[in-house]
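Novice: Residue numbers (our numbering), protein chains in the order written: chain C, 441 to 732; chain F, 11 to 310. Just so you know, even glycine gets a beta-carbon here, dropped at the ideal spot from N, CA and C. Values in this document were obtained by computation on a predicted structure and should not be read as measured data. Let me give you the structure first, and then I'll get to my questions.
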Amino acid sequence: MSSLPQQRPRPVGSRWLDRIFAVTGAVAALLSVALFVSLLWDLVRLGLPELSWEFFTGEVEDAGRSGGIAPLLVSTLWILLCCLTLAIPLGTGCALWLSEFVRRGNALARLVTGGVDLLASVPSIVFGLFGMVFFAQTLGLGFSILSGGLTLACMILPILVRTTLTALESLPADLRPASAALGLSRTTTTAKVLLPAALPGIVVGITLGTGRALSETAALLFTSGYSTRLPESISDSGRALSVHIYDLALNVANGGAMASSSALVLLALILVVNSAAVALTGHWLRRRHATS
Amino acid sequence: MTSSRNTTLCRSVDRLVEAVLGLLALVSGGMVLLIVWHLLAGAWPAIAAGRLGAFFTDAKWQPGSLRDPQFGVVTMLVGSSLVTLLAVVIALPVGLATAIFHRFYAPAFLERWNRRMMELLIGVPAVVFGFWGLMIVVPAIVRVAPDMPGQSLLAGGIVLGLMILPVIALTSQAALQAVPTTLLHAAAGLGLGRARTIWSIALPTARGGITSGVLLALARAIGETMAVVLVCGNIPQIPTSLFDPIRPITSTIALEMGYATSSHKALLFCAGLVLVLFTALFVGWLSFRRNDTDPGTGGA
């Protein structure tokens, strides 16, 4: 039972190199975690002392140095509603047409897909310019919640189209012939079979779009305006929470504390929305995995 | 009889639905044309007045000055390019090293947590990044260089770099994950160590995906407004050091659109057009690369 000498061949490339790689990688990974934690911690540290019930229910006072953010929350919500009201039908309709009503490789469909992809690359400040000219001036909607919402709708459209397309394309391929064999028309198939099956994916898209719309500032500067009053209708100007942070940080001396609190609220909102999107995707994938 | 009538009804409903959805799709796909059209219309007064020459050759940007109005976009183009470049220089090594660490060294649960964190980090609003930069990064820079204002090229680069870090880290990691395991096994079979395998096999194979991620990050960084407008200092000049204030194109539009009139306004639309051209260039390059390197072969 003499054991052979256990000598493995030494790997090419020194152990030291491997160690250097491991340490560098670990340092970089730690650094990115530290930055994220620092971002969160700083915002909590700066913003939490100002947070109170009055902050959520109060009017904006003294250009934002005191008071609360109630009207801004209302404006933000209205902007979001206007945005989703336009973006959901447009995005879903576009994706349904691309996926169910044209052949793959159709020239027009490729143009539409290319257009949507290009739209995704347009910088948000340019959406702001466009919204100002098109919605506020050409269509005569003025500096209003409606203008801002519609501008954001154009901006999140690519997200909705992409996620809906992905959801439709990942449906089992035999759904369509099976539905056709039952004598269902294309419209019925789409409305009663495909849409319900793709709904989780569409909801994820809407959630992602909501997060994007909530976080947008540049596109709203010249469309929904700066007014801090409680909006009476969607044709009033209304300041979104993100615009409030920008304004306090740039234009208001000693606005830092209230800006921190607003940033904390906005960040919390967006983390909730985005975590919901991540959780929904996970849930949906698991369910798909379980059924297939 | 009724069945055939039903069929015709269904068919006309189908056709109607198809027409409506097709219309929605055309509106969605044509939106970008509408945007470019309105930018062109907004910029037209400046183009028609022959200002484009001055736009690209004037040394300074002082459109409001009565004595010596100058309309040069160059300082801002340089500002945008430098801050974007600096952001990539900061984010690429950190992001790539993070991706390598999580792909080849870290346990699986760490990789999962990191990915989740990065996905959340991507969602953090630009204005929050900018505000954080103003409150934390700028004072830190003042501490290092006490006689400078702190709001500077460096501050912009750091904040923007932090913003694109998750994009680069996630795309690099996806690219490394897509390297066929057979290749890695073959390398191990040949007796290559882990570091050598990463350096000579994994990174070259994943290069296409990593480059795509960097291009994506570039497109995002150059169009970013809120993160830079709060921390860059907004003085339109060619910086001579990292601590000098600069002003990117996006900041100029955000700062001046509110009060700009006539020819000044048209020039801001020209600046918007330049910005769209820039991002379209990156995205065009990206999709060209995608077509070039078929995803089926992993770009190898």
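Apart from the five residues on each side of it in sequence, which residues of its chain come closer than 7 Å, Cβ to Cβ, to V177/F?
Specialist: I132, G223, L226, A227, R230.
Novice: Which residues of chain C have a Cβ atom closer than 8 Å to the Cβ of Y115/F, listed in chain order?
Specialist: F461, A462, G465, A466, listed in chain order.
Novice: Classify L538/C as buried or exposed, calling it buried when 16 or more other Cβ atoms lie within 10 Å of its own Cβ.
Specialist: When all chains shown are included, L538/C counts as buried.
Novice: Starting from W142/F, follow the alpha helix (DSSP H) in both directions and report where the run begins and ends.
Specialist: Residues 136–142.
Novice: Name the chain C residues whose beta carbon is nearer than 8 Å to that of R126/F?
Specialist: Within chain C, the residues near R126/F are V718.
Novice: Name the chain F residues whose beta carbon is nearer than 8 Å to that of A626/C?
Specialist: In the sequence on display, residue 626/C carries Arg and not Ala. Here the neighbours are D24, V27, E28.
Novice: Measuring only the C-alpha atoms, how far is F583/C from S682/C?
Specialist: Answer to the nearest angstrom: the Cα atoms are 17 Å apart.
Novice: Pull up the distance between the alpha-carbon of G166/F and that of V473/C, whole angstroms please.
Specialist: Each residue's Cα considered, the two are about 20 Å apart.
Novice: Consider the Cβ of G60/F: report whether some Cβ of chain C lies at a distance smaller than 9 Å.
Specialist: No, because no Cβ of chain C sits closer than 9 Å to the Cβ of G60/F.
Novice: Can you find the residues in the same chain that come closer than 6 Å, C-beta to C-beta, to G651/C, ignoring five residues on each side of it along the sequence?
Specialist: So the list reads I710, V713, N714, once near-sequence residues are dropped.
Novice: Would you call I460/C buried or exposed, if buried means 16 or more other Cβ atoms sit within 10 Å of its Cβ?
Specialist: The residue in question, I460/C, is exposed, as its Cβ has fewer than 16 Cβ neighbours within 10 Å.
Novice: Cα separation between R196/F and L213/F?
Specialist: In the sequence under discussion, the amino acid at residue 196/F is Ala, which differs from the Arg named in the question. Between A196/F and L213/F, the C-alpha separation is close to 15 Å.
Novice: Is I248/F helix, strand or coil by DSSP?
Specialist: Coil at I248/F, not helix or strand.
Novice: As an exercise, report each continuous alpha helix (DSSP H) stretch of at least 4 residues that is fully enclosed by the stretch 142–178 of chain F, in chain order.
Specialist: As far as the stretch 142–178 of chain F is concerned, its whole alpha helix (DSSP H) runs of at least 4 residues are 148–154.
Novice: In whole angstroms, what separates the C-alpha of E672/C from that of H274/F?
Specialist: Straight-line Cα distance between these residues: approximately 34 Å.
Novice: Hey, out of P640/C, P617/C, L725/C, whose CA is closest to T629/C's CA?
Specialist: Residue P617/C is the option with its Cα nearest to T629/C.
Novice: Along the chain, where does the alpha helix (DSSP H) containing V644/C start, and where does it finish?
Specialist: Per DSSP, V644/C belongs to the alpha helix (DSSP H) from 635–655.
Novice: Would you verify that the beta carbon of N714/C is, or is not, closer than 9 Å to some beta carbon of chain F?
Specialist: N714/C counts as touching chain F.
Novice: With distances taken Cα to Cα, identify the nearest neighbour of M41/F among E540/C, V484/C, L558/C.
Specialist: The residue with the shortest Cα to Cα distance from M41/F is L558/C.
Novice: Between the C-alpha atoms of A658/C and W71/F, what's the straight-line distance to the nearest angstrom?
Specialist: Distance between the alpha carbons of A658/C and W71/F: 22 Å.
Novice: Which residues of chain F have a Cβ atom closer than 8 Å to the Cβ of P563/C, listed in chain order?
Specialist: Chain F residues near P563/C: I232, G233, E234, T235, T260, L285, V286, T289.
Novice: Spatial neighbours of A653/C within its chain, please: C-beta separation below 6 Å, excluding the five flanking residues on both sides.
Specialist: Around A653/C: L520, C523, L592, I596.
Novice: Does chain C have any CB closer than 9 Å to the CB of F329/F?
Specialist: The structure shown does not extend to residue 329/F, since chain F spans only 11 to 310, so no value can be given for it.
Novice: When you compare only the Cα positions, how much space is there between L96/F and Q183/F?
Specialist: The straight-line gap from Cα to Cα measures roughly 22 Å.
Novice: Could you list which residues in chain F have their beta carbon closer than 7 Å to that of C594/C, in chain order?
Specialist: What C594/C touches in chain F: M41.
Novice: Quick check: what's the CA-CA separation for A58/F versus Q80/F?
Specialist: Distance between the alpha carbons of A58/F and Q80/F is about 17 Å.
Novice: Check the C-beta distance from A216/F over to L193/F and give it rounded, since I have them as a contact under 8 Å.
Specialist: Wrong, their Cβ atoms sit about 11 Å apart, outside the cutoff.
Novice: Can you list, in chain order, the residues of its chain whose CB lies under 7 Å from that of V147/F, leaving out five sequence neighbours each side?
Specialist: Excluding residues within five positions, the ones whose Cβ falls inside 7 Å are A165, I168, V169, V241.
Novice: Is R217/F close to chain C? Criterion is C-beta to C-beta, closer than 9 Å.
Specialist: By this cut-off, R217/F is not an interface position.
Novice: If you draw a straight line from the alpha carbon of L202/F to that of T181/F, how long is it in whole angstroms?
Specialist: Their backbone Cα atoms lie some 26 Å apart in a straight line.
Novice: Can you check which of these residues, F114/F, V286/F, A237/F, L278/F, is closest to W54/F by C-alpha distance?
Specialist: Nearest of F114/F, V286/F, A237/F, L278/F to W54/F, Cα basis: L278/F.
Novice: Compare the beta carbon distance of R21/F and S701/C with 9 Å and say whether it is the shorter of the two.
Specialist: No, these two residues do not count as a Cβ contact at 9 Å.
Novice: Using a Cβ cut-off of 9 Å, pull out every chain F residue sitting near F403/C, in sequence order please.
Specialist: The question about residue 403/C has no answer, for chain C in this structure spans 441 to 732.
Novice: Would A620/C count as contacting chain F if we go by Cβ distances under 9 Å?
Specialist: A620/C does not count as touching chain F.
Novice: Give the residues from the stretch 478–494 of chain C that approach chain F closer than 7 Å (Cβ to any Cβ), ordered along the chain.
Specialist: Against chain F - using a Cβ distance shorter than 7 Å - the residues of the stretch 478–494 of chain C are L479, D482, L483, L486.
Novice: According to DSSP, is E234/F part of a helix, a strand, or is it coil?
Specialist: Three-state result, E234/F: coil.
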